[in-house]
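Participant: One structure, pasted below without further comment.
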Amino acid sequence: MLGWNYENVQLTMDKYAVCAVLVVKQVKANTLKPDLVALDKYMEFTDAYKQTGPCCFSPNARYIAAAVDYRLVIRDTLSFKVVHLFSCLDKISYIQWALDSEYLLCGLYKRPIIQVWSIAQPEWTCKIDEGPAGIAYARWSPDSRHILTTSDFQIRLTVWSLLNTACVHVKWPKHPVKGVSFTRDGKFAAVCTRRDCKDYINLLSCDSWEIMGVFAVDTLDLADIEWSPDDSAIVVWDSILEYKVLIYTPDGRCLLKYQAYESALGVKSVSWSPCGQFLAIGSYDQMLRVVNRLTWKAFAEFMHLPNVRGSSCAVVFKEEDEQPQLDIAGLSLNGDPYDNSFDMSERQIGVRYEVAELPITLPFQKPAADKPNPKQGIGLMAWSSDSQYIYTRDDTMSTTLWIWDMQQLQLAAILLQKDSIKAAAWDPKSCRLAFCTGSSHLYMWTPSGAYCVIIPLPHFTIVDLKWSSDGTYLLLKDKESFCCAAVPILEESTDYSSDE
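In the numbering used here, the protein residues as written are 300 to 799.
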């Protein structure tokens, strides 16, 4: 039998607002003094800053870039003061940092042109224009000195150098955004092309940008590719109309041809584990399948069912409204509810997690059979940095986040929200998951439990979030603004199902 401990704290500071946090942790019922979750879950928030488009951290976590119409605003993540302000020729549609954090490209797709800016030399400028061919997408190469652009209608992919005026063309790229993958060491690029109604993979050297080899792949309509973390293999998967996952060596030998079923919508998401040992495949049949890289065979299949049985080992965290909030200063309710002068509108309504009893039936929405692109299957999926956990979201149950334990090969937790889950991201340095639902709350899960964070900014709703590369900051994005949250370092802790 298990007992549960709840903590609810509210606190404010002058410079930053510190959130109210509800922590739920599972402990043994016969423990006299339960092991409480440490109250280091307080998070400091910056003010809200304006944005009208993309915004992201630099790879070295030192800067944050935000698009405000045609202006590119660069802030320092230590003081959040503006350190650079660049003016583009049109509204910014897309931004991307170079891996060395020295350069930043802005996609002005209405023109369409690419403008490149330097952090070290603000007076330096660069503009890339493909002319009538247009630009559908642009990305940095791993060396941070070359830019790859894809023209409209996938006529060609062009490699532009910032060191000289040389450029290299690759004809008939398969996709404008997808279909390009770099090795971890930055030495090679795999580019998908299509000609004569057949898909090919072109291997390019990132030093000379010469084509080192070309081989055909056994796909009807290639969807995307990705190098394995150890750069020894390339995974290829077909369009949603054909369930087919292929593994190739760089010289074109097929190591695996995996088809779980036929005559139905197929693969929706694919992801390598950071350790490179596992390949996760999410599909439209609501299944998560995991392939072992050593044997190239599927060793685990996880089904997403709306009915969770009582025999399941998973803990179900259910989001519930809570009111009133506790005032830590006076240890009393915020006002007398029987006083006529008490204003109900002044009370903050928070949320908390409660542990639901099993069995439980999760909210389920059956997709329309007469509409294309049905909302079903594994739409969100990502591994934790240590490859122990993977989260998934089945689009027919958009308010539910599933967390699977790959060591135990079982469901570890279910987080049942009131609203649909918009985005989720793992901490790059520890086993901590942050996600949002388009509300004014931030949600987090760790192996020690789950908790809700109240955003202390008026009318701020989180529609997207991103971690800094060092795991110290979270970028929280609203529709017209963004803020950053300083996240405490997560101490090592054991799973809540352990015998602490």
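Beta carbons: idealized from backbone N, C-alpha and C, even for Gly.
1. Candidates S392, E525, I413 and F577: which alpha carbon is nearest P549's?
2. With DSSP collapsed to three states, give me the class of D523.
3. Could you check what DSSP says for Q716 in three-state terms: helix, strand or coil?
4. Does the segment 549–560 come close enough to the segment 679–692 that 3 or more CB-CB pairs lie under 8 angstroms?
5. Classify H740 as buried or exposed, calling it buried when 16 or more other Cβ atoms lie within 10 Å of its own Cβ.
6. Output the distance between the C-alpha atoms of P431 and Q453, rounded to the nearest integer angstrom.
7. Using a Cβ-Cβ cut-off of 8 angstroms (strictly less than) and excluding sequence neighbours within five positions of C783, which residues of its own chain qualify?
8. Got a sec? Which residues, its chain only, sit under 7 angstroms from A711 by beta carbon, not counting five neighbours each side?
9. Do the CB positions of T457 and P475 come within less than 9 angstroms of each other?
10. Report yes or no: do the segment 402–409 and the segment 383–393 share at least 3 C-beta pairs separated by less than 8 angstroms?
11. Can you look up P658 in the DSSP assignment and give me helix, strand or coil?
12. With R438 and V479 assumed to form a contact (beta carbons below 8 angstroms), what rounded beta-carbon distance in angstroms separates them?
13. In angstroms, rounded to a whole number, what distance separates the CA positions of I580 and S562?
14. Got a sec? Which residues, its chain only, sit under 7 angstroms from K497 by beta carbon, not counting five neighbours each side?
15. Only counting the same chain, and skipping five residues up and downstream in sequence, which positions put a Cβ closer than 7 angstroms to that of S443?
16. For G512, does the count of other Cβ atoms within 10 angstroms reach 16, so buried, or fall short, so exposed?
17. Can the beta-carbon of L670 be found closer than 9 angstroms to that of T695?
18. Tell me the DSSP secondary structure of Q420 in three-state form.
19. Closest to T736 by C-alpha separation, out of L789, G433, F356 and T760, would be which residue?
20. Taking S570 as the reference, which of W682, L661, V469 and K717 has the closest Cα?
21. Quick one: what does DSSP say A785 is sitting in, helix, strand or coil?
22. Secondary structure at D368, three-state DSSP: helix, strand or coil?
23. Jot down the residue ranges of each uninterrupted beta strand (DSSP E) in the segment 690–748, minimum 3 residues, whole runs only, in chain order.
24. Run through DSSP, which three-state label would F356 get?
25. Nearest-angstrom Cα distance between L388 and Y369?
Facilitator: Based on what the coordinates show:
1. Distances from the alpha-carbon of P549 to those of S392, E525, I413 and F577 put E525 closest.
2. Reduced to three states, the DSSP call for D523 is strand.
3. Three-state result, Q716: coil.
4. Result no; under three Cβ-Cβ pairs closer than 8 angstroms.
5. When all chains shown are included, H740 counts as buried.
6. The straight-line gap from Cα to Cα measures roughly 13 angstroms.
7. Excluding the 5 residues flanking it on each side, C783 has same chain C-beta neighbours closer than 8 angstroms at F344, T345, I363, T376, F379, Y772, L773, L774 and L775, in chain order.
8. Only residues of its own chain outside the window of five on either side were considered, and among them A613, Y688, I702, W703 and D704 have a CB closer than 7 angstroms to the CB of A711, listed in chain order.
9. No. Outside cutoff.
10. Short answer: they touch.
11. Note: P658 maps to coil in three-state DSSP.
12. Contact flag correct, Cβ pair sits at about 7 angstroms.
13. If I take the Cα positions, the gap works out to 18 angstroms.
14. Correct list, in chain order: A515.
15. The answer, listed in chain order, is A397, L398, D399, E401 and Y402.
16. Of the other Cβ atoms in all chains shown, fewer than 16 fall within 10 Å of the Cβ of G512; this residue is therefore exposed.
17. One point to set straight first is that residue 670 is Lys, not Leu, in the sequence displayed. Here K670 is not near T695, since their CB atoms are 9 angstroms or more apart.
18. Looking at Q420 - three-state DSSP - the assignment turns out to be coil, as it is neither helix nor strand.
19. The shortest C-alpha separation from T736 is found at T760.
20. For S570, the nearest C-alpha among the options comes from W682.
21. Reduced to three states, the DSSP call for A785 is strand.
22. Looking at D368 - three-state DSSP - the assignment turns out to be coil, as it is neither helix nor strand.
23. As far as the segment 690–748 is concerned, its whole beta strand (DSSP E) runs of at least 3 residues are 699–704, 709–715, 722–725, 732–735 and 740–745.
24. In the displayed model, F356 falls within a strand according to three-state DSSP.
25. In a straight line, the C-alpha of L388 is about 7 angstroms away from that of Y369.
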